[in-house]
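**Q** Please read through the structure below; I'll follow up with questions.
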Amino acid sequence: MSLFSRAALGLGLLFLYAPIAALVVYSFNASALVTVWGGFSLKWYGILFQDGPLLAAALISLRVALASALIATLLGTLAALALGRSGRFLGRLLFTGLVYAPMVMPEVVTGLSLLLLFVGLGLDRGVGTIVIAHATLATGFVAVVVLARLRVLDQSLEEAAADLGAGPFRVLATVTLPLLAPAIAAGFLLAFTLSLDDLVVASFVSGPGATTLPMRLYSQVRLGVNPEINAASTLIVALVTVIALSASWLMARHQYR
Amino acid sequence: MRLVRLLPLLPYLWLGAFFLLPFIITLKISFSAAATAQPPYLPVLDWSAGPVGWAYFLEALDFANYETLAGDSLYRDAALSSLALAAAATLILVLIGLPIAHAMARAPGRWQPALVALVIVPFWTSFLIRIYAWIAILKPEGLLSGALMQLGLIASPLEIMNTQTAVLIGLTYAYLPFMVLPLYAVLNRLDPRLREAAADLGASPARVFWTVTLPLARPGLAAGALLCFIPMVGEFIIPDLLGGSDTLMLGRVLWSEFFSNRDWPLASAVAILLIVLVVGPVVLFREAEARREEAGK
């Protein structure tokens, strides 16, 4: 590697990680001023665990993330199988668009239009509507992850099973799905973190009593930098890093076998 | 094979109901007038009234929201600055992302999975938290300002926070993985023999990059630019937290029309405008790519 390449990599990673590192470091700061180091302290974590509304919001977020990730995993896996194995079907182009579009659509647009739908249907807004919205957002991401694996999967395995007399359902259940399992698990984890992370769509479709963690954090962040938020952020970053590393491991393990 | 044909049905129905249908409703409501009622807009399409309800609905369609968007300089400025900021950030991302992706693709093979993971992890980490982290860095009494003053590089605190510069920094930071990963995916697959051949024929490393690597990296560059540009045009969190009151962007305008002014029809019209602004470049781009491919054959 040339010196230029090394510098590009080093500076790029520094740019990506320095802000997160600063946030983590200052969550252990004894001083209430976020930019003045007053010695090491865990007091903000103590305050955090006394913060009832924040903990309640975290619990709601975890419930929403679990439910929406399960739905998105089912829908995304089916969508990937459809795109990878169903060949031509009626409205395939529209289907492809519907799977990919939610990933790039500005969140304010998705959030507003889902809210208008829920109001039009007369649905009570709350945890349920956030789950529907997050499942819709994450389906495409799961589909992309599963489809990437499906594309490199040796199709002759499925053909062999079919030649030996297994019906399409049996091939799917005993050959295709087990081979896809790591990608499906990685897709689930991605859907889970996307839900945990979403502020904009949840703000639109939520109702009274359903405040998610990002919504709670946002209302405090707007008031300015606050060490308790740094402590909460540090815990979230730690959790998400563990999830992200598990997902990369799940996907990489299969590539090098 | 019947089962295989049924696979798309469930996601098709779900995405149709919760992604496509909502847009049709948004389009419809963008032609309504705001009202102090529940729901807060008129006319409401009355399905039970049958054709009479349809006729009434069509008659009462209201273009006032689009006239407001076209006439009020607030919305024009917001649209222009959204496009300008997203375009500028995309350009910066290309300039920063290319060397990083290029270096990743040239790194020893056993490092590459780790490097990819290092770029992906921040993308998984909460968006809100990553933008929040920049407030402590960019504010006048913040970390960057403090460090630069300690080094004696600046005499007075930095005035970046709550400016468009802060928004540009935030956009670049948040979307960097979306640019680096598609670029890396393409550069990683490039046949190294092509570069070697060019070098053997006497091309300097810079010339190899400009005449061989870069043209072959086009698809990744295009994918990265789209993945970044589209969501950035409608970005809300970054201009809201870093841009202060000076930065007008459409995502933020839509948010405040909805949450502060409670004008649902106008917010819907802004949403439609956003879709048109975003879909326009995408369609043009796909056309251009299709023509280029055609010409290449």
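Residue numbers (this note's numbering), protein chains in the order written: chain A, 1 to 257; chain B, 1001 to 1297. Just so you know, even glycine gets a beta-carbon here, dropped at the ideal spot from N, CA and C.
Taking a Cβ distance cut-off of 9 Å, strictly less, list which residues of the stretch 1178–1210 of chain B are near chain A, in chain order.
**A** Under the 9 Å Cβ criterion, the stretch 1178–1210 of chain B contributes V1180, P1205.
**Q** Taking the alpha helix (DSSP H) that N226(A) belongs to, which residues open and close that run?
**A** No alpha helix (DSSP H) contains N226(A), which DSSP labels as neither H nor E.
**Q** Considering just the uninterrupted stretch of the alpha helix (DSSP H) at A1087(B), what are its terminal residues?
**A** Unbroken alpha helix (DSSP H) run through A1087(B): 1073–1106.
**Q** So which residues of chain A does I1096(B) contact, with C-beta pairs closer than 9 Å?
**A** Per Cβ cutoff of 9 Å: A8, L11, G12, F15.
**Q** Are there 16 or more other CB atoms within 10 angstroms of the CB of F265(A), so buried, or fewer, so exposed?
**A** Outside the shown range of chain A, which is 1 to 257, sits residue 265(A), and nothing can be said about it.
**Q** So, at 6 Å on beta carbons, what are the nonlocal neighbours of F1018(B) in its own chain, with the 5 sequence-adjacent residues on each side left out?
**A** Nothing listed; no residue qualifies.
**Q** How would you write the range of the alpha helix (DSSP H) that R88(A) sits in, first residue to last?
**A** Careful: R88(A) lies outside any alpha helix (DSSP H) and carries neither H nor E.
**Q** Leaving out five residues before and five after S195(A) in sequence, what residues of the same chain have Cβ atoms less than 7 Å from its Cβ?
**A** Excluding residues within five positions, the ones whose Cβ falls inside 7 Å are V64, A65, S68, A69, H134, A138.
**Q** In the DSSP assignment, find the alpha helix (DSSP H) that holds R1262(B) and state where it starts and stops.
**A** Segment: none, R1262(B) is in no alpha helix (DSSP H) and carries neither H nor E.
**Q** Can you check whether the CB of F1063(B) is closer than 8 Å to the CB of F1023(B)?
**A** Going by C-beta atoms, F1023(B) is not nearer than 8 Å to F1063(B).
**Q** When Cβ atoms are compared, which residues of the stretch 1120–1145 of chain B fall closer than 7 Å to chain A?
**A** Of all residues in the stretch 1120–1145 of chain B, I1120, V1121, P1122, W1124, T1125, S1126, F1127, L1128, I1129, R1130, Y1132, A1133, W1134, I1135, A1136, I1137, E1141, G1142, L1143 have a Cβ within less than 7 Å of some Cβ in chain A.
**Q** Compare the C-beta of P19(A) against all C-beta atoms of chain B and say whether one is closer than 8 Å.
**A** For P19(A), the answer is yes, since a Cβ of chain B falls inside 8 Å of its Cβ.
**Q** Is the stretch 100–109 of chain A in contact with the stretch 220–231 of chain A, if contact means three or more CB pairs nearer than 8 Å?
**A** Because the criterion of three Cβ pairs below 8 Å is not met, the stretch 100–109 of chain A and the stretch 220–231 of chain A do not touch.
**Q** Would you say Y1175(B) reaches chain A, if we count a Cβ-Cβ gap shorter than 8 Å as a contact?
**A** Chain A contact via Cβ: absent.
**Q** So G207(A) and G126(A) are in contact, right, with Cβ under 8 Å, and what is the actual spacing, rounded?
**A** Yes, they are in contact, since the Cβ atoms of G207(A) and G126(A) sit about 4 Å apart, within 8 Å.
**Q** Would Y1075(B) pass as an interface residue toward chain A - the criterion being a Cβ-Cβ separation below 8 Å?
**A** No, Y1075(B) lies away from the interface with chain A (no Cβ there is under 8 Å from its Cβ).
**Q** With distances taken from CA atoms, which of L235(A), M251(A), W249(A) is nearest L55(A)?
**A** Closest by alpha carbon: L235(A).
**Q** Given a threshold of 16 other Cβ atoms within 10 Å of its Cβ, counted over all protein chains shown, does E1067(B) qualify as buried or as exposed?
**A** Exposed, since its Cβ has fewer than 16 Cβ neighbours within 10 Å.
**Q** Please classify V1121(B) as buried or exposed, where buried requires at least 16 neighbouring CB atoms within 10 angstroms.
**A** Looking at its Cβ environment, which holds 16 or more other Cβ atoms inside 10 Å, V1121(B) is buried.
**Q** Out of Y45(A), A244(A), L157(A), point me to the one whose CA is closest to L179(A)'s CA.
**A** Of the listed residues, the one whose Cα sits closest to L179(A) is L157(A).
**Q** For P53(A), return the contacting residues in chain B, with the cut-off set at a CB-CB distance below 9 Å.
**A** Neighbours of P53(A) on chain B: none; closest Cβ ~17 Å, over 9 Å.
**Q** Using the DSSP secondary-structure output, state which residues sit across from N29(A) in a beta bridge.
**A** Paired residues: F40(A).
**Q** By the three-class DSSP mapping on this structure, what secondary structure does K1028(B) have?
**A** The answer is helix: DSSP assigns K1028(B) an H, G or I state.
**Q** Please classify R257(A): is it buried, with 16 or more other beta-carbons within 10 angstroms of its beta-carbon, or exposed?
**A** Reliability of the predicted coordinates at R257(A) is poor, the pLDDT of 42 falling under 50, and the value obtained from them is presented with this limitation in mind. Its Cβ having fewer than 16 others within 10 Å, R257(A) is exposed.
**Q** Mind listing which residues of the stretch 1222–1237 of chain B have their C-beta closer than 8 Å to chain A's C-betas, in chain order?
**A** Those would be L1226, L1227, I1230, P1231, V1233, G1234, E1235, F1236, I1237, in chain order.
**Q** Looking at chain B, is there any beta carbon in it that lies within less than 8 Å of the beta carbon of S206(A)?
**A** So no, S206(A) is outside the interface.
**Q** Would you mind listing the beta strand (DSSP E) stretches within the stretch 1112–1145 of chain B that are 3+ residues and don't spill past its ends, in chain order?
**A** Listed in chain order, there is nothing to give.
**Q** Quick one: measure Cβ to Cβ for I1096(B) and L1187(B), integer angstroms, because I've assumed they're closer than 8 Å.
**A** Not quite, the Cβ-Cβ distance comes to about 15 Å (not below 8 Å), so this is no contact.
**Q** Quick one: grab the DSSP three-state call for D124(A).
**A** In this structure, D124(A) counts as coil in the three-state DSSP scheme.
**Q** Might you give, ordered along the chain, the residues of its own chain that have their beta carbon closer than 7 Å to the beta carbon of F118(A), omitting 5 neighbours on each side?
**A** These residues qualify, in order along the chain: R125, T129, V205.
**Q** Could you tell me whether any Cβ in chain B is nearer than 8 Å to the Cβ of D163(A)?
**A** By this cut-off, D163(A) is not an interface position.
**Q** Determine the burial state of D197(A): buried for a count of at least 16 other Cβ atoms within 10 Å of its Cβ, exposed for fewer.
**A** Buried: at least 16 other Cβ atoms inside 10 Å.
**Q** Can you confirm whether R1106(B), when its beta carbon is compared against all beta carbons of chain A, has any partner nearer than 8 Å?
**A** Output row for R1106(B): interface = yes.
**Q** Where P1205(B) and A186(A) are concerned, what is the direct C-alpha to C-alpha distance, given to the nearest angstrom?
**A** For P1205(B) and A186(A), the distance between alpha carbons rounds to 39 Å.
**Q** Closer than 8 Å, Cβ to any Cβ of chain B: which residues of the stretch 183–202 of chain A, in chain order?
**A** From the stretch 183–202 of chain A, only L190, T193, L196, D197, L199, V200 have a Cβ closer than 8 Å to chain B.
**Q** Where does the unbroken alpha helix (DSSP H) through R1195(B) begin, and where does it stop?
**A** Where R1195(B) is concerned, the enclosing alpha helix (DSSP H) stretches over 1192–1200.
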